[in-house]
Amino acid sequence: MTDGSPAAAFARLADVDDGEADIYTTLAPLYRIMYTARGRIDGQLATVREHAPADAGTVLELGCGTGDLLGALGERYEFAVGADPSPAMCRLAARHGPVCRADARGVAPRRVDLVVVVGAVLGHLRPDDETRAALDHIRETLRPGGRVVGTVHDRRALDGPRERSLSRTVDGYELTQTDEQRPTGGGEFDWRVAFTMTAPSGERRRASTTTTLRAFEPAALEQWFTEAGLSVVETHPRTYVDGDGEDGRAFVIVAERC
Ligand SMILES: C[S@@+](CC[C@H](N)C(=O)[O-])C[C@H]1O[C@@H](n2cnc3c(N)ncnc32)[C@H](O)[C@@H]1O
1 MTDGSPAAAF ARLADVDDGE ADIYTTLAPL YRIMYTARGR IDGQLATVRE HAPADAGTVL
61 ELGCGTGDLL GALGERYEFA VGADPSPAMC RLAARHGPVC RADARGVAPR RVDLVVVVGA
121 VLGHLRPDDE TRAALDHIRE TLRPGGRVVG TVHDRRALDG PRERSLSRTV DGYELTQTDE
181 QRPTGGGEFD WRVAFTMTAP SGERRRASTT TTLRAFEPAA LEQWFTEAGL SVVETHPRTY
241 VDGDGEDGRA FVIVAERC
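According to full-length UniProt numbering, the sequence shown is numbered sequentially starting from 1.
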């Protein structure tokens, strides 16, 4: 089952060897339950709409994950297509719109009006050459005057280890997610996510997974955008929140193809 329901997520957890699967194989079925329901998509859509070109019709969302934002973009714009390298994420996203399995450099340039790359997708691109190559590709994918709207973790907020727990109960399934961020130097941090899910029957399953992400200094990322031929329109702290204490931990960057 891959329908994004709590029951499907619970069934999926049975297949996940603790800590061994790719992070998004583990996260995909649970991600939607934990993130989408907290108003995250509304916040992302508002950010995108605020900064998109007024006449935008075609949109590419890189790292579209579960596709919830992609679906909302498809309703707002003439055509929205998503891309994500995770097969598990792509399966979920395909329920919301056209999606291809590809990383940030794998989508053929299309001259779209808007590229959306939100939710720390750029933080997956390491080392520096990968990030720069992706920004070059984003420029090639935009029509002149087209815009890219991104959100990334703010390196200035990477001040030490951090942990938070969130719980939700949906359809009788109780899900607790614990996130840990451990800075490892150079703006990078290990992100560990552990889930405990309890079914209405009382059966309990657990999964955990870790990946390395990077955070950015706004001025340094602006410089990289500029060097890629993307003229920065603005950067500002992300204002919508995923939970208490999230203010200032990420920023929005908006740039235009010269
Ligand atoms: C933290 S999730 C965010 C998903 C979605 N954008 C959101 O905000 O809900 C990061 C996503 O980036 C994708 N991703 C990882 N590496 C990527 C790459 N090199 N290019 C594009 N997407 C990538 C992952 O598969 C995952 O779906």
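Cβ atoms here follow ideal geometry from the backbone N, Cα and C, with glycine treated the same way.
Give the C-beta separation of residue i and residue j to the nearest angstrom, bearing in mind that I take them to be a contact with Cβ-Cβ under 8 Å.
i, j, result
"Thr141", "Val115", "6 Å"
"Val152", "Ala104", "No, Val152 and Ala104 are not in contact; Cβ-Cβ is about 13 Å, not under 8 Å."
"residue 279", "Gly146", "Residue 279 lies beyond the stretch modelled for the chain, which goes from 1 to 258, so this question has no answer here."
"Arg206", "Thr196", "5 Å"
"Val117", "Thr47", "Wrong, their Cβ atoms sit about 12 Å apart, outside the cutoff."
"Val107", "Leu73", "Not quite, the Cβ-Cβ distance comes to about 15 Å (not below 8 Å), so this is no contact."
"Gly119", "Leu213", "In fact, because the Cβ distance is near 11 Å, the residues do not count as touching under 8 Å."
Within its chain, find whatever has a CB closer than 8 Å to the CB of residue i; leave out the 5 residues flanking it on each side and keep chain order.
i, result
"Arg93", "The question names Arg, yet the displayed sequence has Ala at residue 93. For Ala93, where only same-chain residues beyond five positions count, the Cβ hits under 8 Å are Cys64, Gly65, Thr66, Gly67, Leu70, Gly82, Asp84, Val99."
"Gly57", "Tyr77, Glu78, Phe79, Asp113"
"Val233", "His51, Arg147, Val254, Ala255, Glu256"
"Pro29", "Thr2, Gly4, Ala8, Ala9, Arg12, Leu13, Ala88, Leu92"
What residues in its chain sit with their C-beta under 7 Å from that of residue i, if we drop five residues either side in the sequence?
i, result
"residue 270", "Nothing can be reported for residue 270: it is not among the residues displayed for the chain, which extend from 1 to 258."
"Ile33", "Pro6, Ala9, Arg168, Val170, Leu175"
"Arg238", "Thr151, Ala250, Phe251, Val252"
"Leu125", "Ala104, Thr131, Ala134"
"Pro53", "Asp113, Leu114, Gly145, Gly146, Arg147"
Give a yes or no on whether 8 Å exceeds the smallest Cβ distance from residue i to chain B.
i, result
"Ala52", "Although the question refers to chain B, the structure presented lacks it and comprises just one protein chain."
Just how far apart, CA to CA, sit residue i and residue j?
i, j, result
"Arg204", "Cys90", "27 Å"
"Trp191", "Thr178", "10 Å"
"Thr25", "Pro87", "8 Å"
"Ala134", "Leu158", "24 Å"
"Arg249", "Gly202", "36 Å"
"Arg139", "Arg111", "9 Å"
"Ser165", "Tyr31", "14 Å"
"Ala80", "Ala102", "15 Å"
"Phe225", "Arg162", "29 Å"
"Leu27", "Ala228", "32 Å"
"Glu75", "Ser231", "28 Å"
"Asp128", "Pro109", "21 Å"
"Arg155", "Val193", "20 Å"
"Leu13", "Thr209", "12 Å"
"Arg143", "Glu180", "39 Å"
"Asp247", "Tyr35", "16 Å"
"Leu62", "Ala220", "21 Å"
Near residue i, which residues of its chain fall below 6 Å by C-beta distance, leaving aside the five closest residues on each side in sequence?
i, result
"His96", "Gly67, Leu70, Gly71"
"Pro200", "Gly172"
"Thr198", "Glu174, Arg204"
"Thr211", "Ile23, Trp191"
"His137", "Arg105"
"Asp55", "none"
query = Counting Cβ pairs closer than 8 Å, one from the region 174 to 190 and one from the region 38 to 46, do we hit at least three?
reply = no
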